[in-house]
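Peer 1:
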Amino acid sequence: MSSAPPPLRIRVLLFASYADLVSREEVEVLVPSPATVADVIARLRADVPGAHRLPDRPLAAVNQVHGRLTDPVADRDEVALLPPMAGG
Amino acid sequence: MSSAPPPLRIRVLLFASYADLVSREEVEVLVPSPATVADVIARLRADVPGAHRLPDRPLAAVNQVHGRLTDPVADRDEVALLPPMAGG
Amino acid sequence: MNHLTHEPIEAAWLARQVAGAESGGITTFTGVVRNHQDGRSVTRLEYSAFEPMADAECARIVSEAESRWPVAVRLRHRLGQLAIGDVAVAIAVAGAHRGEAFDACRYVIEEVKQRVPIWKKEFYADNTVAWVDPTKRKHDVDAAALTERPPVVSAP
Amino acid sequence: MNHLTHEPIEAAWLARQVAGAESGGITTFTGVVRNHQDGRSVTRLEYSAFEPMADAECARIVSEAESRWPVAVRLRHRLGQLAIGDVAVAIAVAGAHRGEAFDACRYVIEEVKQRVPIWKKEFYADNTVAWVDPTKRKHDVDAAALTERPPVVSAP
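Residue numbers (numbering that gives the first Met the number 0), protein chains in the order written: chain U, 0 to 87; chain D, 0 to 87; chain L, 0 to 155; chain V, 0 to 155.
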């Protein structure tokens with residue numbers, strides 16, 4: 000019997016209104032491998048106080064590039080949750 | 000018998016390449032009344048040395064407003080013949 | 000960090016950078032802090048960003064515009080505290096032909112608004128504060144502020 | 000004579016005039032003297048105008064833009080001798096919304112080119128001179144210069 004793969008360690012960044020909702024700008028989340036961005040968000044919303052107030056389908060970037068919720072994540076990836084952008 | 004109406008006295012202005020072609024910037028033309036811008040141009044081309052080199056259907060302005068060749072002219076009107084414009 | 004700055008910015012300065020002997024037309028866009036938004040009186044605002052990603056995204060947008068049209072593009076977005084009349088974003092585009100310069104300039108500002116992770120906190124004359132959500136603009140803003148929008152809190 | 004000048008002009012100066020607390024977006028267009036035209040090397044040029052009509056036509060264009068869109072518009076065209084890199088025309092438009100500012104700015108430059116009685120004499124590196132005819136641009140220019148276009152003469 001092979002052992003289960005180790006969980007993925009994901010750094011989640013929160014900005015602007017999302018940081019206000021959770022009262023944090025950075026959270027580390029562990030998810031079983033394999034996992035998608037959506038899995039990371041679900042774990043965050045379930046485990047971190049206040050994070051249930053985040054939308055369940057926010058915009059997200061993986062390693063500083065816009066991504067989709069169905070994109071896979073790898074160990075040590077950085078997932079940024081992006082409130083509606085308001086530059087310009 | 001009524002006498003013929005007096006001819007219309009029209010001041011014609013020439014600019015840029017048109018002034019070069021005719022070697023003049025201003026010409027006075029007399030045309031029988033009633034007359035249009037086209038009549039003024041035809042008279043100019045027939046009577047003024049070099050003016051036959053002007054196009055027979057140039058852009059024209061009457062009293063500093065863009066006009067059509069079929070527009071009527073009145074005594075003392077100013078007709079400007081406008082080479083292709085190149086501002087901007 | 001070429002596209003973000005905490006210092007004042009000016010379109011004319013960017014325009015001088017893109018102008019060249021080959022360029023016939025230069026277009027600029029300047030986004031200025033307005034004194035009103037959706038009927039509310041704004042007194043100042045604060046831009047923040049996910050800075051490394053925002054800078055990289057600006058670079059990607061500039062590069063896209065320069066490959067799609069034969070133009071040279073400069074883009075700067077300001078961060079931090081801004082007052083009414085301050086320039087928030089400036090874009091300058093130079094090209095041999097004006098149509099391309101207009102199209103590329105418009106492209107850049109639209110993409111900046113869509114894609115660059117920058118956020119804006121507005122401070123209102125009634126001492127309230129809100130994060131701006133352009134996706135909710137002009138759709139029953141007051142109600143949205145009380146429900147789905149980030150909470151409106153009193154300023155200190 | 001508000002829209003024509005023999006002095007250097009700058010879009011940034013016009014932009015400062017149109018900017019107001021209500022304006023969210025300012026667009027500018029600057030037309031610059033290029034060092035080439037239709038493959039020929041240009042050394043300098045000279046703009047002349049039917050001045051009173053050109054100024055009145057500029058005023059009409061500005062007024063049309065300001066009535067068609069909720070914007071403020073400034074327009075200046077330079078006349079006389081210009082060198083490579085000099086600004087020939089500058090337009091600044093301020094509006095509450097960027098789309099309107101872009102559309103109005105584009106409208107003004109297109110109308111200026113179509114309607115304002117201004118003419119351009121180009122001086123080329125081979126010491127020839129020609130009046131520019133935009134209606135013939137890029138259509139067999141050399142042949143046109145020898146036949147229908149105003150004669151190409153040697154510069155003094």
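Note that the Cβ used here is the ideal one computed from N, Cα and C, for glycine as well.
Computed from a predicted model, the values in this text were never measured in an experiment.
Please name the residue in L/HIS35, L/HIS2, L/TYR106 whose C-alpha comes closest to that of L/TYR123.
Peer 2: Looking at the Cα atoms, L/HIS35 is the closest of the given residues.
Peer 1: With a cut-off of 8 Å, does the C-beta of L/ALA20 fall near any C-beta of chain V?
Peer 2: True, the Cβ-Cβ gap to chain V drops below 8 Å.
Peer 1: Cα separation between V/TRP68 and V/ALA93?
Peer 2: Straight-line Cα distance between these residues: approximately 10 Å.
Peer 1: Verify whether the separation of the beta carbon atoms of V/VAL111 and V/GLU121 is less than 8 Å.
Peer 2: Cβ distance not < 8 Å, so V/VAL111 and V/GLU121 don't count as in contact.
Peer 1: What are the boundary residues of the beta strand (DSSP E) that includes L/SER47?
Peer 2: 39-48 is the span of the beta strand (DSSP E), which, as asked, contains L/SER47.
Peer 1: Where does V/GLY38 land, buried or exposed, given buried means 16+ other C-beta within 10 angstroms?
Peer 2: V/GLY38 is exposed by the Cβ-count criterion.
Peer 1: Tell me the rounded alpha-carbon separation between D/VAL11 and D/LEU20.
Peer 2: D/VAL11 and D/LEU20: Cα-Cα distance of roughly 14 Å.
Peer 1: Along the chain, where does the beta strand (DSSP E) containing L/VAL70 start, and where does it finish?
Peer 2: Taken as a continuous stretch (DSSP letters only), the beta strand (DSSP E) holding L/VAL70 covers 70-77.
Peer 1: With distance defined between alpha-carbon atoms, name the residue in L/ILE83, L/LYS135, L/MET52 nearest to U/VAL78.
Peer 2: Per the Cα distances, L/MET52.
Peer 1: So if DSSP puts D/LEU7 in a beta bridge, which residue, or which two residues, is it bridged to?
Peer 2: Partner(s): D/VAL30.
Peer 1: In angstroms, rounded to a whole number, what distance separates the CA positions of L/ASN126 and L/GLN80?
Peer 2: When rounded, the distance between both Cα atoms is 16 Å.
Peer 1: Report yes or no: is there a C-beta of chain D within less than 8 Å of the C-beta of V/PRO7?
Peer 2: Judged by the 8 Å Cβ criterion, V/PRO7 is not in contact with chain D.
Peer 1: Quick one: give me the first and last residue of the beta strand (DSSP E) that L/VAL31 is part of.
Peer 2: Segment 24-31, the beta strand (DSSP E) holding L/VAL31.
Peer 1: Which of the residues in the segment 31-52 of chain L, read from start to end, lie with their CB under 9 Å from any CB of chain U?
Peer 2: Correct list: TYR46, SER47, ALA48, PHE49, PRO51, MET52.
Peer 1: Look at the alpha carbon of V/GLU6 and the alpha carbon of U/ASP70, and state the distance between them as a whole number of angstroms.
Peer 2: If you take the alpha carbons of V/GLU6 and U/ASP70, they lie about 59 Å apart.
Peer 1: For the alpha helix (DSSP H) holding V/GLU110, just list the boundary residues, first then last.
Peer 2: Per DSSP, V/GLU110 belongs to the alpha helix (DSSP H) from 97-114.
Peer 1: I want to see whether chain V comes within less than 8 Å of D/ARG75, judged by CB atoms only; does it?
Peer 2: Cβ-Cβ to chain V under 8 Å: no for D/ARG75.
Peer 1: For V/SER66, tell me which candidate among V/ILE8, V/ALA87, V/VAL107 has the shortest Cα-Cα distance.
Peer 2: Measuring from the Cα of V/SER66, the nearest candidate turns out to be V/VAL107.
Peer 1: I need the DSSP call for D/ALA85, collapsed to helix, strand or coil.
Peer 2: If DSSP states are grouped into helix, strand and coil, D/ALA85 belongs with coil.
Peer 1: Can you tell me whether V/HIS2 is buried or exposed, with buried defined as 16 or more other CB within 10 angstroms of its CB?
Peer 2: V/HIS2 should be labelled buried.
Peer 1: For the segment 41-60 of chain D, enumerate the residues whose C-beta is nearer than 7 Å to any C-beta of chain V, in chain order.
Peer 2: Within the segment 41-60 of chain D, the residues whose Cβ lies closer than 7 Å to some Cβ of chain V are ALA60, listed in chain order.
Peer 1: From the DSSP output, in three-state form, read off U/LEU43 for me.
Peer 2: Helix at U/LEU43.
Peer 1: For a test of the three-state rule: what should DSSP assign to D/GLN63, helix, strand or coil?
Peer 2: Three-state DSSP puts D/GLN63 in coil, outside helix and strand.
Peer 1: Are at least three pairs of beta-carbons, each pair with one atom in the segment 2-11 of chain U and one in the segment 24-32 of chain U, less than 8 Å apart?
Peer 2: Yes: the two stretches touch, three or more of their Cβ pairs being nearer than 8 Å.
Peer 1: Name, going along the chain, the residues of the segment 84-117 of chain L whose beta-carbon falls closer than 8 Å to a beta-carbon of chain U.
Peer 2: Against chain U - using a Cβ distance shorter than 8 Å - the residues of the segment 84-117 of chain L are ALA87, VAL88, ILE108, VAL111, LYS112, GLN113, ARG114, VAL115, PRO116, ILE117.
Peer 1: Any beta-carbon of chain B closer than 8 Å to the one on D/GLY66?
Peer 2: Protein chains U, D, L and V are contained in the structure displayed, whereas chain B is not.
Peer 1: Which residues in the same chain as L/GLU99 place their Cβ atom closer than 7 Å to its Cβ, once the five residues preceding and following it in sequence are excluded?
Peer 2: Cβ neighbours of L/GLU99 beyond the five flanking positions: TRP68, PRO69, VAL70.
Peer 1: Check the DSSP bridge columns for V/LYS120 and list the partner residues they point to.
Peer 2: DSSP, once it has assigned bridges, lists V/GLU45, V/TRP130 as partnering V/LYS120.
Peer 1: Taking C-beta pairs closer than 8 Å, name the residues in chain U that L/PRO133 reaches, listed in chain order.
Peer 2: Those within 8 Å of L/PRO133 in chain U are PRO83, MET84, ALA85.
Peer 1: Consider the Cβ of V/ALA55: report whether some Cβ of chain D lies at a distance smaller than 8 Å.
Peer 2: Chain D contact via Cβ: present.
Peer 1: Under 6 Å Cβ to Cβ from L/ALA64, same chain only, skipping five residues before and after it: list those, please.
Peer 2: Taken in chain order, the residues that qualify are VAL72, ALA103, TYR106, VAL107.
Peer 1: Just to make sure I have the definition right: I need the residues of chain V whose C-beta is within less than 9 Å of the C-beta of D/SER32. Which are they?
Peer 2: Correct list: empty, because the minimum Cβ distance to chain V is about 25 Å.
Peer 1: Check each candidate in V/PRO133, V/ARG43, V/ILE90 and name the one with the smallest Cα separation from V/ALA82.
Peer 2: Residue V/ARG43 is the option with its Cα nearest to V/ALA82.
Peer 1: Taking 8 Å as the cut-off, decide whether the C-beta atoms of V/ALA87 and V/GLY30 are in contact.
Peer 2: Contact flag set, yes.
Peer 1: Got a sec? Which residues, its chain only, sit under 7 Å from U/ASP74 by beta carbon, not counting five neighbours each side?
Peer 2: Within the same chain, U/ASP74 has close Cβ partners LEU7, ARG8.
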